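**Student:** I have a structure here, written as structure tokens, and I will follow up with some questions on it.
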Amino acid sequence: MNGAAAARAEEAFALVYAEAFAEPPYEKTVRDVEANFRRFRSQVRKATFRAALARSVEGEPVGIAYGYPLSASTGWWGRLTTPVTDEQRREDGHRTFGLMELAVRAPWRKQGVARRLHDAILDDVAEERVLLNARPDVPAAQAAYRSWGYEKIGEAYPWDGAALHDVMILELRKSTP
Numbered sequence: 400m401n402g403a404a405a406a407r408a409e410e411a412f413a414l415v416y417a418e419a420f421a422e423p424p425y426e427k428t429v430r431d432v433e434a435n436f437r438r439f440r441s442q443v444r445k446a447t448f449r450a451a452l453a454r455s456v457e458g459e460p461v462g463i464a465y466g467y468p469l470s471a472s473t474g475w476w477g478r479l480t481t482p483v484t485d486e487q488r489r490e491d492g493h494r495t496f497g498l499m500e501l502a503v504r505a506p507w508r509k510q511g512v513a514r515r516l517h518d519a520i521l522d523d524v525a526e527e528r529v530l531l532n533a534r535p536d537v538p539a540a541q542a543a544y545r546s547w548g549y550e551k552i553g554e555a556y557p558w559d560g561a562a563l564h565d566v567m568i569l570e571l572r573k574s575t576p
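Just so we're aligned: the sequence shown equals residues 400 to 576 in the numbering used here.
Below is the structure:
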């Protein structure tokens, strides 16, 4: 989906997000969900926004994934608590796809839905790599990301008041300086 299609499906995205992230250790509140979807409404306006929405055979929302390439002025790297090289931090709007959210509702987990959502939004991306933040206290997500080829490159508090997250990267292709 592009941003316009995702915007039209916001209710389904919000339902999956709210349910998946209400669970421990996330424990997102209604206010947290509302704040996330204020950002979502801005994110979907980006021309490079990509999303995937999985639905059951009956049409029920099952899982979501979305993100977009990081701009040269991204604040993502400024949140790291561990240093990385200037080359690692270099962004130009085409180098790194930022995976903002990936979530699957509990009844549909352990069926490959997250992997298919992940692969769907990365299908045919031109970026060299994918960057995401993952909580270290969620073993299932950590195991999935590592099995998909992600490597931890540091730690960050992605927003004010956030728990410490692992910053993970998946190299898709070699950098062309």
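Just so it is clear, CB atoms sit at the ideal spot from N, CA and C, and this is done for glycine as well. Keep in mind that this is a model prediction, so the values were computed, not measured.
(1) Just checking, does the segment 450 to 466 make contact with the segment 505 to 517 on the three C-beta pairs under 8 Å criterion?
(2) With DSSP run on the structure shown, which of helix, strand or coil describes H493?
(3) Does the distance from the C-beta atom of R528 to that of T495 stay below 7 Å?
(4) List the DSSP bridge partners of V432.
(5) Give the straight-line distance between the Cα atoms of A562 and A403, rounded to the nearest whole angstrom.
(6) Applying the 10 Å Cβ sphere with the 16-neighbour rule, what's the burial state of Q510?
(7) P468 to E500, Cα distance in whole Å?
**Tutor:** Quick look at the numbers:
(1) yes
(2) coil
(3) yes
(4) Per DSSP, none; premise fails for V432.
(5) 31 Å
(6) exposed
(7) 13 Å
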